[in-house]
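Data first, discussion second: the structure below is written as structure tokens.
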Amino acid sequence: MGSGGGFDCFLAAKKVGSTGKVIGVDMTPEMIEKARKNAHKGHYENVEFRLGEIEHLPAADNSVDLVISNCVVNLVPNKAQVFRDVHRVLKPGGRVIISDLVLTRELPENIRESVAMYANCVAGASLKNQYLEVMKQAGLQDVVVQKEVSVPVEFLLGKEFTKGVPRELIEQYSNAVLDITVSAIKPNSIT
1 MGSGGGFDCF
11 LAAKKVGSTG
21 KVIGVDMTPE
31 MIEKARKNAH
41 KGHYENVEFR
51 LGEIEHLPAA
61 DNSVDLVISN
71 CVVNLVPNKA
81 QVFRDVHRVL
91 KPGGRVIISD
101 LVLTRELPEN
111 IRESVAMYAN
121 CVAGASLKNQ
131 YLEVMKQAGL
141 QDVVVQKEVS
151 VPVEFLLGKE
161 FTKGVPRELI
171 EQYSNAVLDI
181 TVSAIKPNSI
191 T
């Protein structure tokens, strides 16, 4: 989801081999075109790129074994719809693995809505517990955080934005952003 120029899809294509298929989805025609060109240059014949939004994935119900996404879901306002649609397209027993940015606590509005935070994919980040709960409410099970790394706010903001911001404020929110990798499965049957 949010395949961009196709990098993650090309990594996945190597894993699934010649008998597997990878479908990249992006909402911008320019990125789809770029990804298709990259696939052609790299001779990836088992990769297809489709134009679409991750809230409404262009794939049939129960047709996908694995959904991956790298730092994209946090950019979408309606995360619940994203995970409902992931559930829809996954085959029973299918998995989802997402790498994304989440928050340990709410950030002040002036930090959260800064251009730097939007550019670094933090502006739309949810609280970690809410993010995981939305996945569960979509019907996904065994929601597990596989990796969790704190990302310093001052790193995301950059020196330009932190000029004039009280050091205490920066320190207070220094560990408020996490880079997580979370996995879940679609149950084999409804119980």
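Residue numbers for the sequence shown follow the numbering used here, beginning at 1 and rising by one.
Backbone N, C-alpha and C fix where the C-beta goes; we use that ideal spot for every residue, glycine too.
No experiment lies behind these values; they were computed from the predicted model shown.
Next on the checklist: Looking only at its chain, what residues have a beta carbon closer than 8 Å to the beta carbon of P194, apart from the 5 residues adjacent to it on each side?
Outcome noted: Because the chain is modelled from 1 through 191, residue 194 falls outside the range shown and cannot be assessed.
Next on the checklist: Whether or not the stretch 131-151 and the stretch 182-190 are in contact is what I'm after, with contact meaning three or more pairs of Cβ atoms, one per stretch, closer than 8 Å; do they touch?
Outcome noted: Counting Cβ pairs under 8 Å, three or more are found: they touch.
Checklist entry - What is the rounded straight-line gap between the Cα of K21 and the Cα of L11? => result Your numbering for residue 21 matches position 21 in the sequence shown. Your numbering for residue 11 matches position 11 in the sequence shown. When rounded, the distance between both Cα atoms is 12 Å.
Checklist entry - What do you get for V149, buried or exposed, if any count of 16 or more other CB atoms within 10 angstroms of its CB means buried? => result Translated into the one-based positions of the sequence shown, residue 149 becomes position 149. So V149 ends up on the exposed side.
Checklist entry - With distances taken between CB atoms, is the gap from V122 to L90 smaller than 8 Å? => result One-based indexing of the sequence shown puts residue 122 at position 122. One-based indexing of the sequence shown puts residue 90 at position 90. In this structure, L90 does not lie closer than 8 Å to V122 by Cβ.
Next on the checklist: Quick check: V182 and L132, are their CB atoms within less than 8 Å of each other?
Outcome noted: The residue you call residue 182 lines up with position 182 of the sequence shown. The residue you call residue 132 lines up with position 132 of the sequence shown. Against a cut-off of 8 Å, the Cβ pair of L132 and V182 comes out as a contact.
Next on the checklist: Could you give the first and the last residue of the continuous beta strand (DSSP E) run that contains I98?
Outcome noted: Your numbering for residue 98 matches position 98 in the sequence shown. From DSSP, the beta strand (DSSP E) with I98 extends over 90-103.
Checklist entry - CB-CB under 8 Å to M31, same chain, minus the five flanking residues each way: which ones, in chain order? => result Residue numbering aside, residue 31 sits at position 31 when the sequence shown is read from its first letter. Within the same chain, M31 has close Cβ partners S3, G4, G5.
Next on the checklist: For a quick check, are the C-beta atoms of V96 and V82 less than 8 Å apart?
Outcome noted: By one-based count along the sequence shown, residue 96 stands at place 96. By one-based count along the sequence shown, residue 82 stands at place 82. No, the Cβ-Cβ distance between V96 and V82 is not below 8 Å.
Next on the checklist: Going by the DSSP bridge assignment, what does E53 pair with across the sheet?
Outcome noted: Working through the sequence shown from its first residue, we reach residue 53 at position 53. H56, per the DSSP bridge assignment.
Checklist entry - How many angstroms separate the CA atom of D61 from the CA atom of I68? => result One-based indexing of the sequence shown puts residue 61 at position 61. One-based indexing of the sequence shown puts residue 68 at position 68. Cα to Cα, D61 sits roughly 17 Å from I68.
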